[in-house]
Amino acid sequence: MIRYRENISLLPFNTFGIDINAAHIFYLKAPEDLKDILEYPGFSDMSDNMTDLLVLGQGSNVLFTHDFRGVIIKNEIRGIRILEENDKFVLVEAGSGEKWQDLVDYAVSRDLAGIENLTLIPGTVGAAPIQNIGAYGVEAADVIESVHAYNLEKKEWITLANKECEFSYRDSIFKRRLKNQVVICSVVFRLSKTPELRLNYGGIKEELGKRNIADPTIQDISGIVAGIRRAKLPDPEILGNAGSFFKNPLLGEAQFQVLLRSFPMIKYFKEGDLYKISAGWLIEQAGWKGYRQGNASCYEKQALILVNYGNAKGEEILALSEKIQKSVFDKFGIALEREVNLIS
Ligand SMILES: Cc1cc2nc3c(=O)[nH]c(=O)nc-3n(C[C@H](O)[C@H](O)[C@H](O)COP(=O)(O)OP(=O)(O)OC[C@H]3O[C@@H](n4cnc5c(N)ncnc54)[C@H](O)[C@@H]3O)c2cc1C
0 MIRYRENISL LPFNTFGIDI NAAHIFYLKA PEDLKDILEY PGFSDMSDNM
50 TDLLVLGQGS NVLFTHDFRG VIIKNEIRGI RILEENDKFV LVEAGSGEKW
100 QDLVDYAVSR DLAGIENLTL IPGTVGAAPI QNIGAYGVEA ADVIESVHAY
150 NLEKKEWITL ANKECEFSYR DSIFKRRLKN QVVICSVVFR LSKTPELRLN
200 YGGIKEELGK RNIADPTIQD ISGIVAGIRR AKLPDPEILG NAGSFFKNPL
250 LGEAQFQVLL RSFPMIKYFK EGDLYKISAG WLIEQAGWKG YRQGNASCYE
300 KQALILVNYG NAKGEEILAL SEKIQKSVFD KFGIALEREV NLIS
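Position 215 of the sequence shown, counting from 1, maps to 214 under numbering that gives the first Met the number 0, and the rest follow consecutively.
Structure below.
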């Protein structure tokens, strides 16, 4: 039996804490229920023939600016199981509505390596491939084997192998060619029994030093990442936010050298042939860190995060983000791209 509600507040379903309503919401418990949802009486009118349909995980990467007049499919597909195993790796399939952190706990507690650096990223498993979540030198793309989804346009089940997902920095085919066209129902991960730890990012090594850990386990890494994140990032339960609001811009050699001449202190990381510029640094240099406009603010401890101090409307957060984009462009000639999905 499909659970369906009308005119429901999305306040509990987005970490920015934006209080808007959705006209229609269906709760998706199992992939097979999709058929019943799509055939629900009046469904195509509710969703304006699929153009007004949004799959929602935990709402930790969205900014709503208006009431949503179409259909929300709230993903609640659960389950984690081992598909295949040998002495080197394990293929684990997780339902797309599983909490990402529950999958991390599952892996870390069983000595399955690969996602320990992605500890405490909010959200669901099904959203992980969408923007290819990443942190502390690891991306979901490093461990995703395949993605199983329903294509709403073609009305067919599809399985995309890792390469077919076209992963890149905070990007994938699901944000481009397949945007709003698929419902991801499960993801298969290749986790390793012989860990290759990545320690070179964001203070992990320093923390290992402080704790006198010479030969770290994946449990150590997960614990350290959790500690760093808790100290650094605002808890959405207390201060509404969606993590990094913008992507770190990637520049080629020529553009980077010009910038470096004008701003020798610029914060960046070299990634292959490209230079990843710290968007937080750019925003801070443009004077926005800690800036507050009504209830919308550029977080005082980390300029890349915009926060809701109370009852900010989505439009207020958006307006602040646009001012920041303009001022960073005026100062550095760099167009910041939103990481958060704008639902307008
Ligand atoms: C405090 C904080 C810290 C964060 N830190 C990080 C970080 O370190 N690294 C990082 O990469 N991200 C980070 N994020 C962003 C966020 O956690 C991730 O993007 C996460 O994957 C979003 O999951 P979700 O279930 O909340 O997705 P939602 O916000 O619900 O959805 C995001 C997008 O994916 C689509 N979508 C979701 N599920 C499905 C599905 N099953 N099928 C099809 N489309 C779907 C939605 O339609 C929407 O467009 C952070 C967010 C917060 C609040």
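Just so it is clear, CB atoms sit at the ideal spot from N, CA and C, and this is done for glycine as well.
Quick caveat: nothing in here was measured; it's all calculated off a predicted structure.
Taking the alpha-carbon positions, what's the F67 to Q130 distance?
-> For the purposes of this step, residue 67 is taken as residue 68 along the sequence shown, with counting starting at 1. For the purposes of this step, residue 130 is taken as residue 131 along the sequence shown, with counting starting at 1. Taking the straight line joining both Cα atoms gives about 22 angstroms.
Once you ignore the five residues that flank T64 on each side, which residues in its own chain have a CB closer than 6 angstroms to its CB?
-> Position 65 of the sequence shown holds residue 64. Result list for T64: G313, E314, L317, S343, in chain order.
C-alpha gap between L111 and S191, whole angstroms | Locating residue 111 in the sequence shown gives position 112, where the first residue counts as 1. Locating residue 191 in the sequence shown gives position 192, where the first residue counts as 1. When the Cα atoms are used, L111 and S191 turn out to be separated by approximately 5 angstroms.
Starting from E270, trace the beta strand (DSSP E) both ways and give me its first and last residue.
-> In the sequence shown, the residue the question calls residue 270 occupies position 271. Segment 267 to 270, the beta strand (DSSP E) holding E270.
Could you give the distance in angstroms between the alpha-carbon of I265 and the alpha-carbon of L281?
-> On the sequence shown, position 266 is the one that residue 265 refers to. On the sequence shown, position 282 is the one that residue 281 refers to. One C-alpha to the other measures close to 8 angstroms.
State buried or exposed for E292, treating a residue as buried only when at least 16 other CB atoms are found within 10 Å of its CB.
-> By 1-based counting over the sequence shown, the position of residue 292 is 293. What sits at residue 292 in the sequence shown is Gln, not Glu. Q292 should be labelled exposed.
Status (buried if at least 16 other CB within 10 Å, exposed otherwise) for Y298 = Taking the sequence shown and counting its residues from 1, the one referred to as residue 298 is at position 299. Answer is buried; the Cβ neighbour count reaches 16.
Would you check if the distance between the CB atom of I183 and the CB atom of N240 is smaller than 9 angstroms?
-> Your numbering for residue 183 matches position 184 in the sequence shown. Your numbering for residue 240 matches position 241 in the sequence shown. No, the Cβ-Cβ distance between I183 and N240 is not below 9 angstroms.
Verify the contact flag: L232, CB atom, against every heavy atom of ligand 1, threshold strictly below 8 angstroms.
-> Here residue 232 corresponds to residue number 233 of the sequence shown, with the count starting at 1. True, at least one ligand heavy atom lies under 8 angstroms from that Cβ.
Per-residue burial, Y308 [other beta carbons within 10 Å of its own, 16 or more giving buried] = Position 309 of the sequence shown, counting from 1, holds the residue named residue 308. Exposed.
Using DSSP bridges, identify the partner residues of W156.
-> Position 157 of the sequence shown, counting from 1, holds the residue named residue 156. Answer by DSSP bridge pairing, in chain order: Y149.
Roughly how many whole angstroms lie between the Cα atoms of N85 and R189?
-> Taking the first residue of the sequence shown as 1, we reach residue 85 at position 86. Taking the first residue of the sequence shown as 1, we reach residue 189 at position 190. Answer to the nearest angstrom: the Cα atoms are 11 angstroms apart.
Taking the CB atoms as reference points, tell me whether S261 and W287 lie closer together than 9 angstroms.
-> Here residue 261 corresponds to residue number 262 of the sequence shown, with the count starting at 1. Here residue 287 corresponds to residue number 288 of the sequence shown, with the count starting at 1. No; because the gap between Cβ atoms is not below 9 angstroms, this pair is not in contact.
Any heavy atom of ligand 1 closer than 8 angstroms to the CB of W156?
-> For this step, residue 156 is matched to residue 157 along the sequence shown. Not so, every heavy atom of ligand 1 lies at least 8 angstroms from the Cβ.
What distance in whole Å lies between the Cβ atoms of I227 and G201, which are believed to be in contact at a cut-off of 8 angstroms?
-> By 1-based counting over the sequence shown, the position of residue 201 is 202. By 1-based counting over the sequence shown, the position of residue 227 is 228. With a Cβ gap of about 6 angstroms, G201 and I227 count as contacting.
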